[in-house]
Amino acid sequence: MRKYRIRRILLWAARCMIAVIVLVTALANLFFAAARNSISRNIDSYFTQHVSFGRIFYIPPGFLMITDLCISQERSGKMRPALIAPVVRLRFSPLQLAITRNFAILDIRFYEPRMNYYKFYNFLRENFVRIVEFIRLSPKQDIHFSIRQARLDLDQKGSNPNYFTSSIEVSLQGNEISGRGSLSKDMDVLLLEKSRLQQRSRGGLALQYQFRGILENSGFSIETLEFMRKNLYAKFWGKLLSHDMALNGFAFIDTRVDESALGASGADSGNQALPLSWQSAETLGLPHANLYLLDINCRVNLVFPQLRIDHLSFSVNNNPCALTGSITLGDPIGFDLMFSSSLAHMLEDARVENFKKIFLGLKGDFQNDLFRLEAQLNFDLVKKKKGSLPLEKFEAAFKGVTVNCGAHPRFAVNFKEADFFCSTDSNTYKILLKDFGGMVSLLNDRYASLEFGSWFADGSLRGRASFDLTQVSPLVTATLRLRNCNANALDGILIHFSKVHGKLFSQMHFRNSPNLYLRGGLVIKDGYLKNFEFFKWLADFFGLDSLKKVDFSRAFSNFSIDQEGASLQHINLDSRDLRLNGSFGLGANDLVSSKLSLVFSKSLLRESPKFTPLLRLLDKDMDSLTFDFQLSGWLHGMNFKWLQSDFKQRIQNSIPNFIERSIEKNIETAIESIDKK
Amino acid sequence: MYRKFIAFIILFQALSVPLVYAQESGYRYTQALEAVNAHDENTAFMHFRSLLADFPDSRYAELALFATAEYYFSVADYQDSWQDFSRFVNDYPDSRGKLFALAYLLNIAGKQNKEALVKGLEKEIVLFRQMTFLFRNSKEFKYTSALRKKYKAVYYIDKIEFYVNNELYAKISY
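Here the protein sequences line up with chains A and B, keeping their order.
Count along the first sequence starting at 1, add 6, and that's the number in the numbering used here.
Count along the second sequence starting at 1, add 92, and that's the number in the numbering used here.
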C-alpha cells in the first residue's frame, strides 16, 4: 500500500515535472517568438551591419537554437549576406540561471556557416572594436566555442569555384585557452553523374593547427601554436601584450611534394571534421623536408587597422632573411614591405648557384581583387662558377603595376614602366619597358605561363613564357618577338647598336635549363651603320672613307647567346658598294672566332689609293672584289688572316716572297696601330 | 805623389769589383754550359742555382733562372718549377723566353687541374702577340735555353703550338 502510494507520488511528480518542462519550453519559445523582432532590433543596433535570424527556440534542458542567422550589408539598395549560419547552438546552465539568475553561456556552436570572405572581413573591420569590447566585458567563465565546416567564399560575385573550408574549436578553462582547427582550399566541380551534371566539392589538402596559451591581465601568452600539413610542420610560441606581439618559431617544408596528387588522394580532407589525432612531423616524412625556416623571430605591433612589422627575421636553409614594413588592414588593404636575404648557402647545390643577396621592396594596396603597387627587385650575385648565369647584379624597378586576381587562376598584370639593369663581369645592360600588359596563368601549382605585350625601343615587344615552378629557381622558356623597333635605341642591351640605325624586327627563344641560351634571328630594314667599329677599322685600314657610313636596305643575322658566349651566324648585309657575309663569335675572355666575306664594288675600291695598284690585277669585266678573312684572338687585338682566294693567289703569283714578307710586316704594324687607337 | 797613389789604388779597387763580379758570374755560367755540353744536367743545375744565389743581378741570371725552372720541370718538381717560371715572367717581361715560360706555367696548371689558372694563362698567351696572316698560314718564334733546349712557338690564326726539341708540349686553341 505504501509502495503504491510512493509510486503514485513519483508518477505525479514526473507528470508535474514534464508539465513544467513543457510549460517552460512553451513559454520560453512563445517568449522568443514574441520577442524575436525586439531581440533582432537590439542586436542589429549593436553592429553596423544588419543582423537577422529565422527563429530562436529553446530545447530543454539548456539549449538555445538559432536558425538562419544572417549578417548582411546593404549595397545598391539590396541586402547582401556576409555570413549565413543555418544553425547556431548555445548551451547554458539552467541551474545557474535559476539559482543566480545569471545567463551563462557554456558552449557556442556554429554548424556549416557560409560567409563571403570580403563581406565578412568588412563586418569584422567595422565592428572590431565592438567585438573586442564584448569579449573584454564578458564574464570570465569557462566556455567552449566551435565552428564546424565553415565555408569562406573568395570572390564577391560568387563565380569563383574556389573556397576555404575551416573548422575550429576553442576552449577557455580558467586562464587556460586551447584550441585546434583545420583549413583547406576546396573547389566546386561539375561532375557528370547518371547523365546529369552534379555540383560536387573537391577537397584540398588541409592545414591543421592547434594552440594552447594562458590569458594574462594585459595579454595572452602563447605556449604553443602548431601548424601541420602533409608537407609542412611549424611551431611557434610567444606573447601578445596589449598591441605588441612577439613570436618565435620554426618550420619544415617539403616543396617537392606534388600537392595536386595529395589533394586528389585526400579528396575530402577539406570537408573533414576537426583532426582527431595530432601526428608528429617525423611520422609525416618531414625529415625529408628540403626547406627549413629556422630562428623565426617576429615583433609585430597591431593597432587596428595598422599592422607594423618592426622586426621579422628567420633563416631559410641557413640563409638569413629579414622582413620589415607595415600592412594596413583597411579598405583597401595597404602594404609597404621590404624583404632582404642572402641566398648563397641555399642555392649552393642548386642549378643556379651564384645568388648572393636579394632585396625586394613592395609598396601598394589591394582592393576588389586588384593589387596596385610599385616594386623594386635587386639581386647581387657572387662571382660566377662554371655553368652559372654570368650575372653580377640584376635590378628591376616597376612603376604603376596592377595585378588583377579576379579571374583566378589567371592574373592580368600591367605596368606603366619597368626599368631593368643587369651587369656581368664585362658589360652592363639596360632595358626599359613601357605600357606592359600581360596575363599570367597558373596552370597548376607547378606550372605557370605568361603572355604579354609591351612598348619597347619605339616599337613593340610581344612574347609568351612558361615557368616550371617545381625547382627553387624556376625553369623558364620564352619566345619573344620584336616589331618595328629602333635599332639605335637598343644600345642599352648592346653598345654596338649605338652605331646601327634602322627598323629592327626579331624573333628569339630563351631557355634557362638545362643550359641557359637565347637564340633567334634579327632583320634591320632601311638603315645604316655609322662608325661601326669593324667598318671604321676597314675604312682606316684601306683608306675607304665611305665605309664610315654604310647604307643598307636589309641586314640579317641569326644570333645565339649561351654560357660559352655570344655569336652572330649567317650575317648578311647588302649595301650598294659592299656586301658582307659570315659569322662572328665572342666567347669567354672576349675571345673572337669569326669568318667573314667582304665584297667591295670596283667603284668603292677606286676611292682607296691603296687599292689602285691591286685593281690592275683584276679582270676588266669583274665589277667587285671579294675578301675572305678570318678573325680570332682577343676582341680588342684580333688576329687577322686573309683566306685563300683567286685574287689572293694572283697577287702572290705576281710578287716575290721578300715583298710578301715586307707587305705582311707593314700591314701587321698598321693593324696594331689601328687597334691601339 | 803618395796621395795620388792611394787614390789610384782605391779607384782601382772600386772599378775592379764589378769586373770581378762579372767575371765570376761568367765563369759560373761557363761551368754550367760545360756541364750541359757534357749532358750532365744535374751539375749544370747546381752551377745555375749557385749563380742565381751569388750573382742575382748578373746578366746571366735571366738564362740561369729559365734553366733552373726547366730543370725542376724535367724532374717533375712542379712546385719549384712554377715558382721559378713565375719569377722569370715577372722579372724579365721583355725576355724572348717569356712566351715559353708562360707555356710551361700553362702545362703545370693543367697537370694540377687548376682550371681557373689554365684559363688565365691561356688568355695571357693569346694576348701576348697580335698576329696578321696575309700570305702565310703560320708564324714561328724560337728560343734556345741555357740547357740547350730548342723552343718553338707556332702561331696559327686560331691556335698556338709549343714545341721543345721539336716535341709538342703545349697547345692552345681559341
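All C-beta atoms in this analysis are idealised placements derived from N, C-alpha and C, irrespective of residue type, glycine included.
Tell me, please, whether the CB atom of residue i is closer than 8 Å to any CB atom in chain A?
{"i": "Lys244 (chain B)", "result": "no"}
{"i": "Asp250 (chain B)", "result": "yes"}
{"i": "Val210 (chain B)", "result": "no"}
{"i": "Gln171 (chain B)", "result": "no"}
{"i": "Leu219 (chain B)", "result": "yes"}
{"i": "Leu226 (chain B)", "result": "yes"}
{"i": "Gln222 (chain B)", "result": "yes"}
{"i": "Tyr164 (chain B)", "result": "no"}
{"i": "Tyr266 (chain B)", "result": "yes"}
Is it buried or exposed for residue i, if we count other Cβ within 10 angstroms and need 16 for buried?
{"i": "Glu199 (chain B)", "result": "In the sequence as presented, Glu is not what sits at residue 199 (chain B); that position holds Asn. Classification for Asn199 (chain B): buried."}
{"i": "Tyr243 (chain B)", "result": "buried"}
{"i": "Gln214 (chain A)", "result": "buried"}
{"i": "Phe129 (chain A)", "result": "buried"}
{"i": "Glu232 (chain B)", "result": "exposed"}
{"i": "Asp652 (chain A)", "result": "exposed"}
{"i": "Arg582 (chain A)", "result": "exposed"}
{"i": "Asn672 (chain A)", "result": "exposed"}
{"i": "Ile665 (chain A)", "result": "exposed"}
{"i": "Asn181 (chain A)", "result": "exposed"}
{"i": "Glu126 (chain B)", "result": "exposed"}
{"i": "Ser668 (chain A)", "result": "exposed"}
{"i": "Asp159 (chain A)", "result": "buried"}
{"i": "Gly185 (chain A)", "result": "buried"}
{"i": "Ala25 (chain A)", "result": "exposed"}
{"i": "Glu80 (chain A)", "result": "exposed"}
{"i": "Asp183 (chain B)", "result": "exposed"}
{"i": "Asp192 (chain A)", "result": "buried"}
Should residue i and residue j be called a contact, given that it needs their Cβ atoms to be closer than 8 Å?
{"i": "Lys509 (chain A)", "j": "Asp532 (chain A)", "result": "yes"}
{"i": "Phe116 (chain A)", "j": "Arg97 (chain A)", "result": "no"}
{"i": "Ser460 (chain A)", "j": "Ser447 (chain A)", "result": "no"}
{"i": "Cys411 (chain A)", "j": "Asp386 (chain A)", "result": "no"}
{"i": "Gly189 (chain B)", "j": "Tyr235 (chain B)", "result": "yes"}
{"i": "Ser172 (chain A)", "j": "Gly187 (chain A)", "result": "yes"}
{"i": "Arg608 (chain A)", "j": "Asp629 (chain A)", "result": "What sits at residue 608 (chain A) in the sequence shown is Lys, not Arg. Taking 8 Å as the Cβ cut-off, Lys608 (chain A) and Asp629 (chain A) qualify as a contacting pair."}
{"i": "Leu550 (chain A)", "j": "Lys505 (chain A)", "result": "no"}
{"i": "Leu297 (chain A)", "j": "Asn323 (chain A)", "result": "yes"}
{"i": "Tyr318 (chain A)", "j": "Ala328 (chain A)", "result": "The residue asked about is misnamed: residue 318 (chain A) is Leu in this sequence, not Tyr. The answer is yes: Cβ separation under 8 Å."}
{"i": "Lys647 (chain A)", "j": "Gln636 (chain A)", "result": "yes"}
{"i": "His502 (chain A)", "j": "Asn168 (chain A)", "result": "no"}
Checking contacts by CB at 8 Å: is residue i closer than that to chain B?
{"i": "Ser275 (chain A)", "result": "Any answer about Ser275 (chain A) is weak, because its pLDDT of 42 lies below 50 and its placement is not dependable; what the coordinates show is given next. Judged by the 8 Å Cβ criterion, Ser275 (chain A) is not in contact with chain B."}
{"i": "Glu398 (chain A)", "result": "no"}
{"i": "Ala270 (chain A)", "result": "Confidence at Ala270 (chain A) is low in this model, with a pLDDT of 44, below 50, so its placement is unreliable and the value that follows should be read with caution. Chain B contact via Cβ: absent."}
{"i": "Glu670 (chain A)", "result": "yes"}
{"i": "Ser332 (chain A)", "result": "no"}
{"i": "Phe242 (chain A)", "result": "no"}
{"i": "Pro281 (chain A)", "result": "The predicted model places Pro281 (chain A) with a pLDDT of 46, which falls under 50 and marks its position as unreliable; any figure quoted below should be read in that light. It does not: the Cβ of Pro281 (chain A) has no partner Cβ on chain B nearer than 8 Å."}
{"i": "Asn645 (chain A)", "result": "yes"}
{"i": "Glu359 (chain A)", "result": "With a pLDDT of only 49 at Glu359 (chain A), under 50, the local geometry of the prediction cannot be trusted, and no value is derived from it."}
{"i": "Ala287 (chain A)", "result": "Bear in mind that the predicted position of Ala287 (chain A) carries a pLDDT of just 49, short of 50, making it unreliable; the figure below should be weighed with that in mind. So no, Ala287 (chain A) is outside the interface."}
{"i": "Ser638 (chain A)", "result": "yes"}
{"i": "Gln214 (chain A)", "result": "no"}
Can you list the residues of chain C that residue i reaches, using a CB-CB cut of under 7 Å?
{"i": "Lys215 (chain B)", "result": "Among the chains of the structure shown, chain C does not appear; the protein chains present are A and B."}
How far does the alpha helix (DSSP H) with residue i in it extend, from its first residue to its last?
{"i": "Arg42 (chain A)", "result": "8-52"}
{"i": "Lys654 (chain A)", "result": "652-660"}
{"i": "Leu181 (chain B)", "result": "Looking at the sequence shown, residue 181 (chain B) is not Leu but Val. Per DSSP, Val181 (chain B) belongs to the alpha helix (DSSP H) from 170-183."}
{"i": "Lys531 (chain A)", "result": "That residue, Lys531 (chain A), is in no alpha helix (DSSP H); its beta strand (DSSP E) goes 523-536."}
Just to confirm the assignment, what range does the beta strand (DSSP E) spanning residue i have?
{"i": "Lys231 (chain B)", "result": "231-236"}
{"i": "Ile249 (chain B)", "result": "Per DSSP, Ile249 (chain B) belongs to no beta strand (DSSP E) and is neither H nor E."}
{"i": "Asn325 (chain A)", "result": "325-334"}
{"i": "Tyr239 (chain A)", "result": "238-247"}
{"i": "Ser512 (chain A)", "result": "506-517"}
Since I believe residue j is in contact with residue i (beta carbons under 8 Å), could you give me their beta-carbon distance rounded to a whole number of angstroms?
{"i": "Ala130 (chain B)", "j": "Phe140 (chain B)", "result": "Incorrect: roughly 14 Å between the Cβ atoms, too far for contact."}
{"i": "Ala88 (chain A)", "j": "Asn43 (chain A)", "result": "Going by Cβ atoms, the distance from Ala88 (chain A) to Asn43 (chain A) rounds to 21 Å, so no, they are not a contact pair."}
{"i": "Leu194 (chain B)", "j": "Leu213 (chain B)", "result": "6 Å"}
{"i": "Phe541 (chain A)", "j": "Lys554 (chain A)", "result": "7 Å"}
{"i": "Ile228 (chain A)", "j": "Leu247 (chain A)", "result": "11 Å between Cβ atoms; not a contact."}
{"i": "Phe180 (chain B)", "j": "Ser173 (chain B)", "result": "Rounded, the Cβ-Cβ distance is 10 Å, inconsistent with contact."}
{"i": "Ala156 (chain A)", "j": "Pro100 (chain A)", "result": "About 29 Å; that fails the 8 Å criterion."}
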